[in-house]
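These notes concern the structure reproduced below.
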Ligand SMILES: Nc1ncnc2c1ncn2[C@@H]1O[C@H](COP(=O)(O)OP(=O)(O)OP(=O)(O)O)[C@@H](O)[C@H]1O
Ligand SMILES: [Mg+2]
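In the working numbering, the protein residues as written are 106 to 377.
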């Protein structure tokens, strides 16, 4: 990690020399800080402003649900937070690092080292085993085969799929496929899990299993979670709820009584 591109990104892991997880907001910059963010798609007569003056601060360890009507800008915001897209104006700081000043390669490094994604449609490679799917982001990051295998197996165990490493997506249920996708997102041991409607394709029972898993990752592994959902029952697991309306943050409130999730069963449920 000594390339020039890597240096500003590596700096993101050392916010002022403090341990960001314990130092608190006064001592270290927030994990995520959006200030006055605007996003416009297209130009001229067809221009569409999907985000309008969005401010959002998220500290390490938070679990935030993002809600709001269809077209309100939730995915646009997630894509910017996840360095999959760039803002039009305003600022995005990640652990104090001004992301809008990074070039494409630097943003990719930030993504590979600090961010994990889960999408509604799982986005797994079809003819590829669960383990190979989970290894993919580690491959992009240039990890050697033995490290990839070790981290992928650990991630599959974390989502309760240790016996399923060699199955392809077609041999897994929707809930299991989403767990593979979550394993892929956490295999790189990211600081943030960004999940865009992770339970959107699942029935209520499977949705609750996924929410319990995400809640445990946040609670027990300290991964900061930002999750988009349309379902109040799923948002109820988060400890903070942000609502987008028409490209703006219309509401930002704590959820003082999140759904309580028991510890993981000793032998994780492999039959879902
Ligand atoms: N690549 C794009 N080009 C042009 N317009 C876009 C693009 N992506 C999104 N939009 C527009 O920006 C607005 C916000 O879209 P976004 O996907 O962020 O909404 P959302 O809140 O995630 O909605 P949903 O709940 O349906 O997923 C929509 O009006 C959408 O049509
Ligand atoms: Mg969306």
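Glycine is no exception: its CB is placed at the ideal position from the N, C-alpha and C atoms.
These figures come from a predicted structure and were not determined experimentally.
Got a list of residues with beta-carbon closer than 7 Å to any non-hydrogen atom of ligand 2, in chain order?
-> 179, 180, 301, 302, 333
Any non-hydrogen atom of ligand 1 closer than 7 Å to residue 219 Cβ | no
Can you tell me which of 248, 249, 282, 135 puts its alpha carbon nearest to the alpha carbon of residue 238?
-> 282
Would you mind working out which of 268, 313, 249 sits nearest residue 336, comparing C-alpha positions?
-> 313
For residue 298 and residue 360, the rounded distance between their alpha carbons = 19 Å
Going by the beta-carbon positions, is the gap between residue 354 and residue 159 smaller than 8 Å?
-> Yes.
With 16 as the cutoff for other CB atoms within 10 Å, does residue 227 come out buried or exposed?
-> So residue 227 ends up on the buried side.
Give a single yes or no on whether residue 197 has its beta carbon closer than 7 Å to a heavy atom of ligand 1.
-> no
Should residue 245 be listed as close to ligand 1, given that the test is whether its C-beta is under 7 Å from any heavy atom?
-> no
Please list, in chain order, all residues of the same chain as residue 180 whose beta carbon is under 8 Å from its beta carbon, the five residues on each side excluded.
-> 301, 333
Helix, strand or coil at residue 323 [DSSP, three-state] = helix
Test item: CB-CB of residue 261 and residue 236 under 8 Å = yes
Where does residue 359 sit, in a helix, a strand or coil, going by DSSP?
-> strand
Verify the contact flag: residue 177, CB atom, against every heavy atom of ligand 1, threshold strictly below 7 Å.
-> yes
Tell me which same chain residues have a C-beta within less than 8 Å of the C-beta of residue 213, skipping the five on either side of it?
-> 188
Any heavy atom of ligand 1 closer than 7 Å to the CB of residue 340?
-> No - ligand 1 has no heavy atom lying nearer than 7 Å to the Cβ of residue 340.
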